[in-house]
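Protein chains in written order, with our numbering: chain A, 83 to 242; chain B, 26 to 269. Okay, structure first, notes after.
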Amino acid sequence: MAMFIAALILIISTGMFFFYFHAICQRILRREFDKDYYLAIVNANRLEFPAVRRAAESWEAPVDYARVQLTLRCDYLALTYLLKHAVNVNRRYTRQEWLLVVYFRTILLLLGLCHKLGLGERSAILNLAAILQYFANVIGQRVSALRFGELSATDYLLSI
Amino acid sequence: MDTLATVTQYTIYLLEAGVLGYLLLRRRERSLLPVALYLALLLVVDGLSRPLVLYRYGLTSLQYEYFFWLTDILLALGAFLLVCLFFRRACGEHRELWQVVRLVQIFVLILVAGISLFSLSRNFDHLFTRFIVEFQQNLYFTCLVLNTLLFILMQQLQSADEELSMLVCGMGIQFAGPAANLALVYLTPGQQFGSELYRHIGPLFTLGMLLTWFYALARAPQFGRVAKPQTTAAELVSAGRGEA
């Protein structure tokens, strides 16, 4: 009986650990920015996650999983590189960025698992897009703090 | 691996002192008195008395083993009380709900304290067998259930208190990790693998809680506001010169 209870506690507690991890990341993602800084970064780097998100939000036709996964992965690589190297003297992630990087990789892993098991992937894709949007917003906000003459960096990027 | 454990342990000491210091510096120790008291308890037990006992008696001594596990129970009970006080803050504007929650809390507190004292007194002669692991596992799991009920209650009340929400999530990490880990210790034959895992991974959950709390206290009140930019153009230029 005690072994059964221990096994039950192990399963529930592990599940709860991931639940709280998810809750913490969602609260970090809830941070509001005073404007959509991510648009300039998306346009300048030709990122595709907003299109993927739009497709996931209005899913009627089956989605090309391989393409979606590749797109999100490429955007993630571009954005994490920019997070580390664009307007960042320390050249490293902050604590919450690091946590979100772990969160992104975990969801990406789960997305693959969901696909193989034939479960719904929509929620995972939306979460991944939300993380990428947060990264792009952070980069955009940092970049916008820099001014080049009369133009801010985001104004400059948007005018290209 | 031992170096990593040492680094983690010292980071925890620094964070315990840092978060407490942050509360005192920002003069928020009154509004967050339960958090400040729990951090002080954590600092005294984990950062001060345990290293002293370890230094005096050694890692393999019976004295240190007794002291470690008994103080671990003290910390778990402290965390339990902290969650009870979080309930009060969550029910701030709902007086009627608070009356009910308070009664339930008193009942659960008496139940947990009674069962704890009863089982500890019955098993005190063979405390450090499988009993202490099972006891701790149950205590942490009870706290985890209570913490999760609080989290659900906050969602139901649609609480806008982001700071409390993050504090509760931090507590969830602190309870869920050790509960799962202790259950693994209990299930492992000989308990060797599980015990090693608990020694090395256990502090990481405390670290996770402290980092979440620090984020909650430093950033949660600013949710919705614009964060300060990471750097200025002048700093970038000087950094570029440095690299060159």
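Positions of the beta carbon are idealized from the N, C-alpha and C atoms, including for glycine.
Check                                                                                                                         : Outcome
Contact residues within the region 181 to 209 of chain B, judged by C-beta distance below 7 Å to chain A                      : Glu187, Ser190, Met191, Cys194, Gly197, Ile198, Ala201, Gly202, Ala204, Ala205, Ala208, Leu209
Proximal residues, the region 153 to 170 of chain A versus chain B, C-beta separation under 9 Å                               : Val169, Asn170
Endpoints, alpha helix (DSSP H) assigned at B/Ser190                                                                          : 187 to 212
A/Met85 burial status per 10 Å Cβ neighbour count (16 or more: buried)                                                        : exposed
A/Gln108 - DSSP class collapsed to helix/strand/coil                                                                          : helix
Delimiting residues of the alpha helix (DSSP H) encompassing B/Glu90                                                          : 87 to 115
Closest Cα partner of A/Ala126 within the set A/Asp157, A/Phe101, A/Val134                                                    : A/Asp157
Residues near B/Ile157 in its chain [Cβ-Cβ closer than 7 Å; skip 5 each side]                                                 : Trp94
Rounded C-alpha distance that separates A/Val184 from B/Leu174                                                                : 27 Å
Any C-beta of chain B under 9 Å from that of A/Gln178                                                                         : yes
Contact under 9 Å by Cβ, B/Tyr38 with B/Leu64                                                                                 : no
Contact with chain A by B/Arg224, beta-carbon distance below 9 Å                                                              : no
Secondary structure of A/Asn172, DSSP reduced to three states                                                                 : coil
B/Gly21 versus B/Asn163: straight-line alpha-carbon distance, rounded                                                         : With chain B represented from 26 up to 269, any question about residue 21 of chain B goes unanswered, as that position is not in the structure.
Contact list for the region 99 to 128 of chain A against chain B, Cβ threshold 8 Å                                            : Phe99, Phe101, Tyr102, Phe103, Ala105, Ile106, Arg109, Ile110, Arg112, Arg113, Glu114, Phe115, Asp116
Cβ pair B/Ala115, B/Leu182 closer than 9 Å                                                                                    : yes
Separation of A/Arg174 from A/Lys166, as counted between CA atoms                                                             : 5 Å
Chain-ordered neighbours of A/Thr188 on chain B, where CB pairs are closer than 9 Å                                           : The contacting residues do not exist; A/Thr188 stays about 15 Å from chain B at best.
The ligand PLP heavy atom lying under 8 Å from the CB of B/Leu102                                                             : Because no ligand of any kind appears in the structure shown, any question about the ligand PLP cannot be addressed here.
Neighbour list for B/Leu169 in chain A, Cβ cutoff strictly below 7 Å                                                          : Ser95, Met98
Buried or exposed (CB count within 10 angstroms, at least 16 for buried), A/Ile221                                            : buried
Through-space distance from B/Gly43 to B/Leu50, alpha-carbon basis                                                            : 10 Å
Sufficient close CB pairs (3 or more, under 8 Å) joining the region 129 to 143 of chain A to the region 208 to 222 of chain A : yes
Members of the region 210 to 223 of chain A that neighbour chain B once the beta carbon cut-off is set at 9 Å                 : Val220, Gln223
Where B/Leu212 meets chain A, residues with beta-carbon distance less than 7 Å                                                : Met85, Ala88, Ala89, Leu92
Proximity of A/Val225 and A/Ala168 at Cβ, strictly below 9 Å                                                                  : yes
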